[in-house]
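Counting from 1 along the sequence shown, just add 10 to a position and that's the residue number in our numbering.
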Amino acid sequence: MTDDSQLVIYNSKAKVTMLLLINVACIGGAIWLITSGYDGLFGAIVGWLGIALFPFALLLQLRRYLNKGPLVKTDENGVHLSTYGFIPWSDVTGYAEYKAMIQIYITNEEHYINKLSAPERFIANMNKKFGFSSITIPMSCCTKEQKTSLANALNKRIPLK
């Protein structure tokens, strides 16, 4: 935090590294389930699901690890997100906290979703299908203090939904 009007939050490299290692272990576990024949058909199905999903998660975590910029920044103009770019306060209608994420609700959602890469667009649309905001800030790689600081910064500008 540089002053009262600006908040900058970076991912914790240690937490991102831990998640990368967990993803690699899960991929290894999925491969083991398929090749070992453990638990028959159920194990094979779980293994193939793991092979389909965990590499995708690994790529997202790897991208998060390699990102040198901040995860999120708030200032007097709006919210700057590493994936969505700049969102002015006038487009933000609210926010919600849910476990290890903060969701931001905006007007003209499609405008921001269309700027995303294909995998990020897929995640944004899945978030919407599951009843969440398309803009979800993952706070799993940040400290509790950072999540609280972000919630406080958002609360100064917009209502909690």
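The beta carbon of each residue, even a glycine, is placed where N, CA and C say it ideally should be. Computed from a predicted structure; not experimentally measured.
Query                                                                                                                                                           : Result
When we look at the beta-carbon of G57 and count the other beta-carbons within 10 Å, is it buried (16 or more) or exposed?                                      : buried
Since M111 is in the beta strand (DSSP E), which residue starts that stretch and which ends it?                                                                 : M111 to I116
With three or more C-beta pairs closer than 8 Å as the rule, is the region 42 to 54 touching the region 79 to 86?                                               : no
Skipping 5 residues on each side, what residues in its chain have a beta carbon closer than 8 Å to that of T12?                                                 : Caution applies to T12, whose pLDDT of 44 falls short of 50 and renders its modelled position unreliable; the value that the coordinates give is listed next. Once the five neighbours on either side are set aside, the close Cβ partners of T12 are V18.
Apart from the five residues on each side of it in sequence, which residues of its chain come closer than 7 Å, Cβ to Cβ, to F64?                                : N33, C36, I37 and A40
Taking DSSP as the reference, what is the three-state secondary structure of L126?                                                                              : coil
Hey, Y105 and I112 are a contact pair by Cβ (cut 8 Å); roughly how many whole angstroms apart?                                                                  : 6 Å
Can you find the residues in the same chain that come closer than 6 Å, C-beta to C-beta, to L170, ignoring five residues on each side of it along the sequence? : none
List, from N- to C-terminal side, the beta strand (DSSP E) runs of 3 residues or more that fit wholly inside the region 29 to 93.                               : 82 to 84 and 88 to 91
Looking at the strands, I want to know which residues DSSP matches up with G10.                                                                                 : This structure leaves residue 10 out entirely; the chain is present only between 11 and 171.
Output the distance between the C-alpha atoms of G60 and A110, rounded to the nearest integer angstrom.                                                         : 22 Å
Over what stretch of residues does the alpha helix (DSSP H) that includes L164 continue unbroken?                                                               : K154 to R167
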